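What follows is one structure encoded as structure tokens, with my remarks underneath.
In full-length UniProt numbering, the protein residues as written are 1 to 82.
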């Protein structure tokens, strides 16, 4: 795993990157479908994987947020994630 200090920093980075910093204390059951998808992507990319498999990544995401979600996926690709 990651060292505690590095883990905390990475969590903060992921929350900010995926627009979840305001939902820090929100229970997952109270999140919208799109928020849950962003949380899943944040968790899946915590360790900066080289290869990422996604199954219907934009299901339950409203059309407005779908574009932002795909932009985040393209950013991951630009950073070297396949």
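Beta carbons are placed, not taken as given, at the ideal position from N, Cα and C, and that holds for glycine.
Bear in mind the structure is a predicted one, so any value in this text is a computation, not a measurement.
- request: Determine contact between the region 64 to 71 and the region 20 to 40, defined as no fewer than three beta-carbon pairs at a distance below 8 Å.
  value: Here the region 64 to 71 makes contact with the region 20 to 40; the two share three or more CB pairs at distances below 8 Å.
With distances taken Cα to Cα, identify the nearest neighbour of residue 32 among 82, 71, 61, 77.
Selected option, being the one with the closest Cα: 61.
Going straight from the alpha carbon of residue 29 to that of residue 80, what length do you get? 32 Å
### Query
Would you say the beta carbon of residue 43 comes nearer than 7 Å to a heavy atom of the ligand ZN?
For the structure depicted, the ligand ZN is absent and the ligand set is empty, with no information on it obtainable.
Start-to-end residues for the alpha helix (DSSP H) that takes in residue 8 = 4 to 17
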